[in-house]
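Undergrad: Would you mind keeping the following structure in view while I ask a few things?
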Amino acid sequence: MNAIKPLHLFGETILAGESKTISMEIAKLHTMNKLKVPIIVERSKLEGPIVLFCAGLHGDEINGTETVRQIITKKINKPKKGTIICIPIINIFGFINQTREFPDKRDLNRVFPGSKTGSLASRFAYYLVHEILPNIDYVIDFHAGGAQRFNAPQIRIEQGNSELKKLAEAFHAPFTLYSKNISGSFRSTCDKLGVKMLLFEGGKSLDLNEDITREALEGTKRFLEHLDMLNSRKKASEPKHTSVYIEKSNWLRAKYSGMFHGIAKAGSFVNKGDLLATISDPYGKVEHNVKAPHEGYLINVNHAPFVYQGDAIFHISTQLET
15 MNAIKPLHLF GETILAGESK TISMEIAKLH TMNKLKVPII VERSKLEGPI
65 VLFCAGLHGD EINGTETVRQ IITKKINKPK KGTIICIPII NIFGFINQTR
115 EFPDKRDLNR VFPGSKTGSL ASRFAYYLVH EILPNIDYVI DFHAGGAQRF
165 NAPQIRIEQG NSELKKLAEA FHAPFTLYSK NISGSFRSTC DKLGVKMLLF
215 EGGKSLDLNE DITREALEGT KRFLEHLDML NSRKKASEPK HTSVYIEKSN
265 WLRAKYSGMF HGIAKAGSFV NKGDLLATIS DPYGKVEHNV KAPHEGYLIN
315 VNHAPFVYQG DAIFHISTQL ET
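For the sequence shown, position 128 matches number 142 in the numbering used here, and the numbering has no gaps at all.
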């Protein structure tokens, strides 16, 4: 194998075999305090792919941040060959404030590819696209469900992309969900630039879940092993489950407002007519049953203590890949 070429990020050079933490500084807090986004780079002395593991596009999705943190602390990010870049928190503003959005109220995952002179979120997107992505071959972007909605561990890819499907098969999450790229998203921009991305979803916002983190870590090791990048001191586990590929799914929405008592668990298979939850008034007079409209896997379950009419409460598969 050939030696690795120098890597240049944000004006700094990282050589073959070098470990370095780079600080991305784009804007200060309103108090004028500096705000740095750490980028942790680990390089082998051998040529190979450059992989980015990132989280925190949405500042309240902290389980993704915990996953990338453990990738670092468990030294999974020390590659056998190539380079691994870790960004545990991209939206550092949202992480501080425990909010999904940037201070400008924009969703970072809807403003890509961004603008150098645009809004704060747009500027962050711009620098990710122009400073990071030109160097990257593969990305795993770790997310969690928002607004108290708990995602079963899943990989999301666009249908019809055979290379992404091979990567998803290597990761081997319990579920692989085919979903279209959303305009303005990080995933859509990666696709346009030829960067191969897996989007991992698991857990919910403002919550840490050990089972979700474990699935993400084991999948990451299998992903790196597939690329022949996994450090020889680490071992990728054999999956203990089959991976279910979901072609179509829909949301079941609340028909009533009230206190929400969830019964069915994320990741479970339900049959038509199974009791999923009840919605009750707080005075003990009314209780409505929520039943499965058809059979399928529950890939997202609402954990909110109360819901309003029309709220999304269960995400259920309608068609599996055969």
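We treat Cβ as the ideally placed atom computed from N, Cα and C, and that holds for glycine.
Below 8 Å on the Cβ atoms is my guess for ILE171 versus LEU212; work out the distance and round it to an integer in Å.
TA: That belief holds up - the Cβ atoms of ILE171 and LEU212 are roughly 7 Å apart, short of 8 Å.
Undergrad: Classify ALA161 as buried or exposed, calling it buried when 16 or more other Cβ atoms lie within 10 Å of its own Cβ.
TA: Exposed: under 16 other Cβ atoms inside 10 Å.
Undergrad: For LEU66, which of helix, strand or coil comes out of DSSP?
TA: In the structure shown, LEU66 sits in a strand (DSSP, three-state: E or B).
Undergrad: Just confirm the distance between the C-beta atoms of ARG120 and SER133, as a whole number of angstroms; I'd bet it's less than 8 Å.
TA: Contact flag correct, Cβ pair sits at about 6 Å.
Undergrad: By the three-class DSSP mapping on this structure, what secondary structure does SER282 have?
TA: In this structure, SER282 counts as coil in the three-state DSSP scheme.
Undergrad: For the beta strand (DSSP E) containing VAL51, list its first residue and its last residue.
TA: Here the beta strand (DSSP E) through VAL51 covers 51-57.
Undergrad: What residue does the alpha helix (DSSP H) around ARG228 start on, and which one ends it?
TA: Segment 224-240, the alpha helix (DSSP H) holding ARG228.
Undergrad: Buried or exposed for VAL300, please, with buried defined as at least 16 other CB atoms from any protein chain shown within 10 angstroms of its CB.
TA: So VAL300 ends up on the exposed side.
Undergrad: My guess is that GLU229 and ALA280 are in contact by the Cβ rule of under 8 Å, so how many angstroms apart are they, rounded?
TA: Going by Cβ atoms, the distance from GLU229 to ALA280 rounds to 12 Å, so no, they are not a contact pair.
Undergrad: With C-beta atoms as the reference, is THR81 less than 9 Å away from PHE164?
TA: No; because the gap between Cβ atoms is not below 9 Å, this pair is not in contact.
Undergrad: For the segment 90-178, which segments carrying the beta strand (DSSP E) assignment without a break, of at least 3 residues, lie completely within its bounds, in sequence order?
TA: Entirely contained in the segment 90-178, the beta strand (DSSP E) runs reaching 3 residues are, in chain order, 97-101, 152-159 and 163-171.
Undergrad: Leaving out the 5 sequence neighbours to the left and right, which residues in its chain are closer than 7 Å to ARG124 when beta-carbon positions are compared?
TA: So the list reads GLY198 and SER199, once near-sequence residues are dropped.
Undergrad: In terms of residue numbering, what span does the alpha helix (DSSP H) encompassing THR81 cover?
TA: Per DSSP, THR81 belongs to the alpha helix (DSSP H) from 76-87.
Undergrad: Start and end of the alpha helix (DSSP H) containing ARG201?
TA: Unbroken alpha helix (DSSP H) run through ARG201: 200-206.
Undergrad: Would you mind sorting ASN316 into buried or exposed? The rule is 16 or more other CB atoms within 10 Å of its CB.
TA: Flag for ASN316 reads buried.
Undergrad: Taking 9 Å as the threshold (C-beta atoms), are ASP205 and VAL65 in contact?
TA: No, the pair does not count as a contact, with Cβ atoms beyond the cut-off.
Undergrad: Skipping 5 residues on each side, what residues in its chain have a beta carbon closer than 6 Å to that of VAL55?
TA: For VAL55, where only same-chain residues beyond five positions count, the Cβ hits under 6 Å are ILE28, LYS34 and ILE99.
Undergrad: State the DSSP-derived secondary structure class of LYS180, mapped to helix, strand or coil.
TA: Residue state, collapsed to three classes: helix.
Undergrad: Only counting the same chain, and skipping five residues up and downstream in sequence, which positions put a Cβ closer than 8 Å to that of LYS235?
TA: So the qualifying residues of the chain are ILE90, LEU244, LYS248, LYS249, ALA250 and SER251.
Undergrad: Is the Cβ-Cβ distance between LEU222 and ASP74 less than 9 Å?
TA: Contact flag unset, no.
Undergrad: Return yes when the Cβ of PHE237 is within less than 9 Å of the Cβ of PRO167, no when it is not.
TA: No, the Cβ-Cβ distance between PRO167 and PHE237 is not below 9 Å.
Undergrad: Please check if any C-beta of chain B sits within less than 9 Å of the C-beta of PHE116.
TA: Among the chains of the structure shown, chain B does not appear; only one protein chain is present.
Undergrad: Could you say if the segment 321-332 and the segment 254-269 meet the contact criterion of at least three C-beta pairs nearer than 8 Å?
TA: Judged by Cβ distances under 8 Å, the segment 321-332 makes contact with the segment 254-269, as three or more pairs qualify.
Undergrad: Quick one: Cα of PHE126 to Cα of GLY70, how far?
TA: Spanning the two alpha carbons is a distance of roughly 15 Å.
Undergrad: Between the C-alpha atoms of LYS210 and PRO63, what's the straight-line distance to the nearest angstrom?
TA: Going from the Cα of LYS210 to the Cα of PRO63 covers about 11 Å.
Undergrad: Quick check on PHE24: does DSSP put it in helix, strand or coil?
TA: In the structure shown, PHE24 sits in coil (DSSP, three-state: anything other than H, G, I, E or B).
Undergrad: Would you tell me roughly how many angstroms separate the C-alpha atoms of ALA318 and PHE274, rounded to the nearest one?
TA: Using only the alpha carbons, I get a separation of about 7 Å.
Undergrad: May I ask which residues mark the beginning and end of the beta strand (DSSP E) holding ARG267?
TA: Taken as a continuous stretch (DSSP letters only), the beta strand (DSSP E) holding ARG267 covers 258-267.
Undergrad: Going by C-alpha distance, which of ILE53, PRO307 and ARG57 is nearest PRO20?
TA: Of ILE53, PRO307 and ARG57, the residue nearest in Cα terms is ARG57.
Undergrad: Which one or two residues does DSSP pair with ASN326 in a beta bridge?
TA: The question names Asn, but residue 326 in the sequence shown is Ala. According to DSSP, which records beta bridges pairwise, ALA326 is partnered with ARG267.
Undergrad: CB-CB under 7 Å to THR227, same chain, minus the five flanking residues each way: which ones, in chain order?
TA: ASN77, GLU80, THR81 and GLN84.
Undergrad: Using the rule of at least 16 other Cβ atoms within 10 Å of the residue's Cβ for burial, across every protein chain shown, is PRO296 buried or exposed?
TA: PRO296 is exposed by the Cβ-count criterion.
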